Amino acid sequence: MSDDYKENITPLEAQSSESTTESSDSIKDIDYVRPAEVADQDLYHGHSFITKWIFCQDAKVIGVQYFLTAVFTGIVGLILSWLMRLQLGFPELVPFITAEHYYQFVTMHGMIMVVYFLTALFLGGFGNYLIPLMVGARDMVFPYVNMVSFWMFFIAVCVLMASFFVPGGPTGAGWTLYPPQAILEGTPGAGLGIILMLVSLSLFVIGFTMGGLNYLITVLQARTRGMTLMRMPLSVWGIVTATALAMLAFPALLVSCIMMTLDKVLETSFFMPTILKAGEVLDYGGGSPILFQHLFWFFGHPEVYIVALPAFGIVSDLISVHARKNIFGYRMMVWAIVGIGALSFFVWAHHMYVSGMNPWFGFFFATTTLIIAVPTALKVYNWIITLWKANIRMNTIMLFTLGFIVTFVNGGITGIFLGNVVVDVPLSDTYFVIAHFHMVMGIAPLMVIMGAVYHWFPLVTGRMLSEKLGKWHFWFTFLGAYSIYFPMHYLGFIGVPRRYFEMYDSPYVTSAVGMNEFITVAALIVGLSQFIFIYNIVVSLRIGKPAGRNPWKANSLEWLTPEVPPAHGNWGEKLPVVHRWPYDFNVPGAKEDYITQTTPPSEVLGAEVEKT
Amino acid sequence: MHAGFIFLAVIIGSVLFHIFTPWWWTDIASNWGAMDDTINLTFWIGGGVFVLVCLFMVYCTFKFSYKEGRKVEYKPEDNKLEKILTVATTLGVAALLAPGLIVWNEFINTPKNALNIEVMAWQWGWQYRLPGEDGKLGTAQVAKISDENPFGINLDDPNGKDDVLIQSDELHLKTNRPVQILLRSVDVLHNFYVPQFRAKMDAIPGIISYYWFEPNKLGEYEVLCAEYCGLGHYGMRAKVVVENEQNYENWLNEQETFSSLIAKQNKIEFNTIKIAKNNN
């Protein structure tokens with residue numbers, strides 16, 4: 001199965017000469033790649049500082065813009081988490097944290113981290129930077145729309161941050177924004193705060209749709225010659241499947257934002273039943289609060305996978321490159337990503353087992369939720385089987401991928417608790433849930449993001465990050481985060497409810513005071529240790545070791561550009577031609593321990609390649 | 001030091017933490033021991049998988065860490081192994097799901113002899129309504145709530161006349177009698193949760209949700225609101241007292257019924273009018 005296109009050879013032979021030498025017919029045979037279907041198009045090249053670096057149409061620059069903006073929101077989210085933890089660990093230590101502020105911090109932390117940090121970072125950041133490079137395109141197919149996408153995101157972030165400064169402050173409705181409380185007095189920021197949040201989310205969705213169309217169409221239409229779908233790196237599979245999910249899930253968020261804005265501003269009653277407030281019946285009636293929950297989680301559950309799937313994809317590539325071995329079961333990995341993506345639209349109500357929806361739904365959603373565990377578990381097996389009989393470089397990147405496996409398996413298994421409807425009953429709305437989702441969609445994806453930064457930093461900047469600082473950063477982050485969230489599950493077993501500003505002296509928590517203090521200290525340390533990371537990046541930008549071309553000896557296209565860092569248009573004169581999948585490491589009979597995707601079979605005649 | 005040692009320490013530490021943890025469930029005080037059992041089952045199977053996966057990973061990092069020229073296996077796929085893993089995982093998941101669904105079926109089907117209790121939540125407090133001698137709660141509406149009619153009971157519903165109204169946050173239950181909690185809210189989402197009973201459910205304005213349990217241990221328990229409901233969420237506590245039949249009946253007899261509340265109010269109204277007249 002070394003060549004998919006053999007049967008097409010005769011009629012198109014003449015056009016296939018690019019990557020072959022004319023001297024030998026047999027070599028021409030094995031190196032054949034189907035010709036391009038459309039001619040190469042030139043891009044708009046920026047000339048001024050503004051068109052090159054600010055209103056820029058180069059996906060790589062847009063990716064970095066997304067990345068930096070998302071990291072900025074992430075640092076805001078991190079500081080908010082510190083303030084929350086200070087209140088929980090050492091109540092009354094910080095006098096300005098009132099219940100009102102506490103709930104605002106909780107809400108903004110959650111929304112920022114899930115949407116403006118993780119989603120924007122994976123899809124906007126890594127998606128923009130990696131997709132065109134990895135599929136061998138010169139840029140996204142609609143560079144101008146791509147630029148607008150980033151600036152919409154930027155405005156959405158500005159609107160969100162503005163809500164900190166309006167009268168009443170940002171919304172404190174919890175990141176799930178459940179009505180009726182989200183828009184009623186009694187919740188902090190129920191005036192301008194919630195309106196700005198809803199506007200900001202709507203802008204985010206609009207901006208993201210522009211980017212998302214780009215990612216999808218680029219992958220479907222702009223792959224280079226020979227880059228079949230089943231030769232794409234798993235990073236691309238993860239990002240593009242997540243994008244497809246986002247295109248289907250975000251509309252549900254958008255409509256619920258619009259409807260709630262109408263409920264707030266025009267007093268419609270989409271989500272508002274008859275309500276008695278302070279002895280008076282409000283001007284609402286007939287709406288359904290549960291309708292909002294269904295819409296929200298129809299977005300919210302796929303959102304989990306919008307964060308997780310790119311992480312799955314990227315970590316597969318990191319493991320394979322640094323274990324010097326092909327990823328085990330590539331085809332199954334692809335189908336697992338696609339399958340998990342499809343299934344993720346049929347599990348949303350597992351967030352609502354105790355919401356008061358019809359309890360018969362519980363059977364359906366528990367079953368679908370546990371079915372998702374199967375492809376997810378298979379992915380985990382394939383990651384660890386990839387390590388078997390490999391040649392593992394124990395560098396910072398590998399440490400982060402191992403940290404990912406530990407935290408992801410841990411969080412995945414607690415997910416089986418919560419997905420199994422009746423087990424969820426005692427645990428829902430407790431600290432068990434907080435521990436679960438931070439482990440599985442907070443720490444695990446962060447491990448991947450950090451590993452990915454160490455991995456691709458040499459490509460983006462041309463310099464290596466410090467390995468020594470990287471290891472310190474890893475151990476502080478991994479051990480610290482694990483010791484925050486692993487014990488936190490046990491608070492949930494006691495029954496400590498979430499979103500409690502303080503517990504007073506409830507009998508449940510007297511034994512938990514010590515643990516809360518410990519968790520807060522760990523959270524402060526983990527947060528501070530991120531400054532090692534930032535310091536490493538800033539210093540390495542100037543004095544890091546020059547990376548050269550392809551420092552990790554990887555196979556995928558992004559490392560094979562004529563210039564490092566890649567220039568606008570990526571590929572210089574000619575687009576690359578792809579002859580194989582990106583995982584040919586340590587192929588028996590090959591001289592080197594890696595064969596790049598652009599290496600034609602004629603150059604590695606002795607290699608016993610099994611897969612294309 | 002080889003990084004594998006630290007990962008190994010993390011795994012061993014997790015297991016030891018689980019064995020020696022002082023943080024664990026409150027003693028159960030209801031019939032839902034089966035929920036604890038399903039959690040335990042999930043713990044054993046899930047915990048086992050976690051430990052095995054991590055140990056395998058750590059073993060690989062020791063055994064196969066980088067050496068120039070190491071012979072690496074080249075085996076992109078292994079259909080047989082992949083099939084075995086798929087089937088084994090599916091079976092494991094089914095073994096966890098099946099007992100869960102059986103217990104869920106019990107949870108959503110209230111026994112016939114359950115006593116109905118209405119829990120009415122508002123920002124930020126609780127009150128309760130019990131059926132009178134007819135065993136039925138009268139229908140009620142949020143829009144009808146007033147100082148005179150704190151539960152908004154429909155005046156023309158005869159079932160409501162003998163309803164017992166408890167306008168305090170202390171609810172009494174008798175042991176070994178299933179109760180069905182009918183949840184109402186007048187404003188936003190709330191959730192009536194007693195950790196010792198394990199069960200919980202949201203109260204939603206506009207509809208009535210339910211769950212049931214059978215208290216089986218005498219004592220006083222704290223009620224926590226378990227669905228975020230605004231600024232006062234963390235202070236929305238109440239008390240449930242589980243007691244024997246005799247004490248329960250005594251408590252019940254001290255409570256006021258809807259008809260006596262109306263009568264009292266009429267009397268007050270009547271007296272006020274009389275006093276007003278006398279003053280003239």
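Residue numbers (this note's numbering), protein chains in the order written: chain W, 1 to 612; chain S, 1 to 280.
A virtual CB, placed ideally from N, CA and C, is assigned to each residue, including glycine.
Source: prediction; values computed, not measured.
Original post:
Assuming Met247(W) and Thr209(W) make a contact with CB atoms under 8 Å, what is their CB distance in whole Å?
Top reply: 7 Å
Subject >> Three-state secondary structure assigned by DSSP to Pro281(S) >> reply: Nothing can be reported for residue 281(S), as the shown portion of chain S is limited to 1 through 280.
Original post:
Using the C-alpha atoms, what's the distance from Phe150(W) back to Ile112(W)?
Top reply: 16 Å
Subject >> Which of helix, strand or coil DSSP assigns to Glu563(W) >> reply: coil
Original post:
How many angstroms separate the CA atom of Thr510(W) from the CA atom of Phe64(S)?
Top reply: 47 Å
Subject >> Ala95(S) burial status per 10 Å Cβ neighbour count (16 or more: buried) >> reply: exposed
**OP:** May I ask you to report which of helix, strand or coil DSSP gives Asp202(S)?
**Re:** strand
**OP:** Put Gln123(S) into one of helix, strand or coil per three-state DSSP.
**Re:** coil
Subject >> Interface positions of the stretch 298-327 of chain W facing chain S (Cβ-Cβ less than 7 Å), listed along the chain >> reply: Arg324, Lys325 and Asn326
Original post:
Using a C-beta to C-beta distance shorter than 8 Å, which residues of chain W count as neighbours of Pro22(S)?
Top reply: Ser511
Original post:
Just curious, the alpha helix (DSSP H) that Ile11(S) is in, first and last residue?
Top reply: Ala3 to Phe20
Original post:
Residues of chain S with CB under 7 Å from Gly495(W), in chain order?
Top reply: Thr26 and Pro195
Subject >> Rounded separation between Asn128(W) and Met152(W) - CA only >> reply: 15 Å
**OP:** Could you tell me the boundaries of the beta strand (DSSP E) in which Trp618(W) lies?
**Re:** This structure cannot speak to residue 618(W), because chain W is shown only from 1 to 612.
Original post:
Are Val241(S) and Val194(S) closer than 7 Å when you measure CB to CB?
Top reply: no
Subject >> Where Asn250(S) falls: helix, strand or coil (DSSP) >> reply: helix
**OP:** Give the DSSP-derived three-state secondary structure of Asn207(S) in the structure shown.
**Re:** For the sequence presented, residue 207(S) should be read as Ile rather than Asn. In this structure, Ile207(S) counts as coil in the three-state DSSP scheme.
Subject >> The alpha helix (DSSP H) enclosing Lys60(W), as first and last residue numbers >> reply: Ala59 to Gly89
Subject >> Interface residues of chain S facing Leu184(W) [CB-CB closer than 8 Å] >> reply: Asp187, Val188 and Gly230
Subject >> Residue-level contact to chain W via CB, Thr139(S), 7 Å cutoff >> reply: no
Original post:
Beta-carbon separation of Phe55(W) and Met147(W) under 7 Å?
Top reply: yes
**OP:** Output the residue ranges of the beta strand (DSSP E) runs that lie fully inside the stretch 80-132 of chain S and measure 3 residues or longer, sorted by chain position.
**Re:** 115-122 and 125-130
Subject >> Same chain, Cβ closer than 6 Å to Phe432(W), five either side skipped, listed in chain order >> reply: His489 and Gly492
Original post:
Roughly how many whole angstroms lie between the Cα atoms of Phe312(W) and Gly238(W)?
Top reply: 6 Å
**OP:** Going by CA-CA distance only, name the one from Arg177(S), Met120(S), Gly47(S) and Asn191(S) that's closest to Pro215(S).
**Re:** Arg177(S)
**OP:** Specify the secondary structure class of Cys257(W) as computed by DSSP and reduced to three states.
**Re:** helix
Original post:
Helix, strand or coil for Lys574(W) per DSSP?
Top reply: coil
**OP:** Please name the residue in Met272(W), Gly189(W) and Met161(W) whose C-alpha comes closest to that of Ile204(S).
**Re:** Met272(W)
Original post:
Listed from N- to C-terminal order along the chain, which residues in the stretch 266-293 of chain W have their beta-carbon within a distance smaller than 7 Å of any beta-carbon of chain S?
Top reply: Pro273, Thr274, Ile275, Leu276, Lys277, Val281, Ser288, Pro289 and Ile290
**OP:** Give the DSSP-derived three-state secondary structure of Gly168(W) in the structure shown.
**Re:** coil
**OP:** Entirely within the stretch 237-304 of chain W and at least 3 residues each: give me those beta strand (DSSP E) ranges in chain order.
**Re:** none
Subject >> Under the three-state DSSP convention, the category Pro11(W) falls into >> reply: In this predicted model, Pro11(W) has a pLDDT of only 39, less than 50, meaning its place in the structure is not dependable; the value taken from the coordinates is given anyway. Note: Pro11(W) maps to helix in three-state DSSP.
Subject >> Closest Cα partner of Thr407(W) within the set Thr430(W), Met441(W) and Trp388(W) >> reply: Met441(W)
**OP:** Indicate the three-state DSSP secondary structure (helix, strand or coil) for Asp4(W) in the structure shown.
**Re:** Since pLDDT at Asp4(W) reaches only 43, below the 50 mark, its modelled position is unreliable, and the value read off the structure follows with that caveat. Coil, per DSSP.
Original post:
According to the Cβ coordinates, are Leu318(W) and Ile397(W) closer than 7 Å?
Top reply: yes
Original post:
Where are the alpha helix (DSSP H) runs, 4 residues long or more, that stay fully inside the stretch 19-79 of chain S, in chain order?
Top reply: 33-63
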